[in-house]
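*Asks:*
In the UniProt record's numbering, the protein residues as written are 1 to 327.
1. If you count every other CB in all the chains shown that lies within 10 Å of the CB of residue 154, and 16 or more means buried, which is it?
2. Which value, in whole angstroms, describes the spacing of the CA atoms of residue 251 and residue 231?
3. Could you check which residue in 140, 170 and 111 has the C-alpha nearest to that of residue 193?
4. Helix or strand or just coil, what does DSSP make of residue 128?
5. Taking C-alpha atoms, which residue in 259, 296 and 297 lies nearest to residue 321?
6. Just grab the DSSP bridge partners of residue 190 for me.
7. Since residue 295 contacts residue 124 with CB under 8 Å, what's their CB separation in whole angstroms?
8. Can you give me the C-alpha to C-alpha distance between residue 140 and residue 314, rounded to a whole angstrom?
9. For residue 312, which of helix, strand or coil comes out of DSSP?
10. By DSSP, does residue 173 sit in helix, in strand, or in coil?
11. Which stretch, first to last residue, makes up the beta strand (DSSP E) that contains residue 244?
12. Alpha carbon to alpha carbon, what distance is there between residue 104 and residue 279?
13. Which of the three DSSP states, helix, strand or coil, is assigned to residue 104?
14. How is the beta strand (DSSP E) around residue 293 delimited, first residue to last?
15. Compare the C-alpha of residue 310 against each of 168, 266 and 212 and name the closest.
16. Which of helix, strand or coil does DSSP assign to residue 145?
17. With three or more beta-carbon pairs closer than 8 Å as the criterion, would you say the stretch 159–176 touches the stretch 117–131?
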């Protein structure tokens, strides 16, 4: 009996399993179900392992699910082959590392690629980045923005695409192309602002911004409406049909308080959201043109109109808050 127990508790030959565990694959002692011929015998001709081949190094963690290889210009943090939507990523060339990206929701029908992020949120935070060269020298550089949700997760990264001469000669009135990228580095939204006169004496040539998603496909427009006292805008869809209105205060001045631009229905009866220029502190307001904005809109608003609200926010920023050092 003792001899029989010792045979049962001995390690299975050809395996590294401890005593008491069944072998990993059936062998001659484990023929398998009736009618089964068992596993085929090992093929001849394969070389034996080299005796001097280094053993695996201990201490490497197992792959964590939900990580992926980073696209160009981004920093991920995981091995190859895992879904990208579960990996918080950071944009290295435009923003500080370590800021988490919002997990990408699944694509939805009738939604331009990249705008599915907007289907789940009713608020956006836009933070302009400080450019040290601009602060020290006054030399106007391209604006860059981080676009986040209410949890502080980055949704998009926006970068102004203009030349040096345009920025420094035209100032806040300059035409620009704003390219908005998602967490894969894809340009999902493009904003186009043409050069227009900013004087209220020329109501026939008012400010406008055109929103494309994806690039080359217009999805909406924001047009300035002439008014002697209030800053007003009309939001239009891709067919240039009026959808919403935006109305700002009579005095657009952010002195220790936020400045709100109300988003209203076409009949002006309902306020459905707002674009707020947030007070960033006395030092920033006096010595830089770095601005923070918040956008609130209905959760069930069409994602295309949510993207157009981004265009309205950038247009308002350049028109009223882009002056540097109180100019």
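Each residue gets a CB set at the ideal place from its N, CA and C atoms; glycine is no exception.
*Replies:* If we stick to the structure as given:
1. Buried: at least 16 other Cβ atoms inside 10 Å.
2. For residue 251 and residue 231, the distance between alpha carbons rounds to 9 Å.
3. Measuring from the Cα of residue 193, the nearest candidate turns out to be 170.
4. Residue 128: strand per DSSP, three-state reduction.
5. Of the candidates 259, 296 and 297, the residue whose Cα lies closest to the Cα of residue 321 is 259.
6. 179 and 212, per the DSSP bridge assignment.
7. Contact flag correct, Cβ pair sits at about 4 Å.
8. When only Cα atoms are considered, residue 140 and residue 314 end up about 17 Å apart.
9. In the three-state reduction of the DSSP assignment, residue 312 falls in the helix class.
10. For residue 173, the secondary structure class from DSSP, reduced to helix, strand or coil, is helix.
11. Element bounds for residue 244: 242–247.
12. About 30 Å.
13. The answer is coil: DSSP assigns residue 104 none of H, G, I, E or B.
14. Boundaries of the beta strand (DSSP E) around residue 293: 292–296.
15. Ranking the options by Cα distance to residue 310, first place goes to 212.
16. It is a strand residue.
17. Contact fails: fewer than three Cβ-Cβ distances are below 8 Å.
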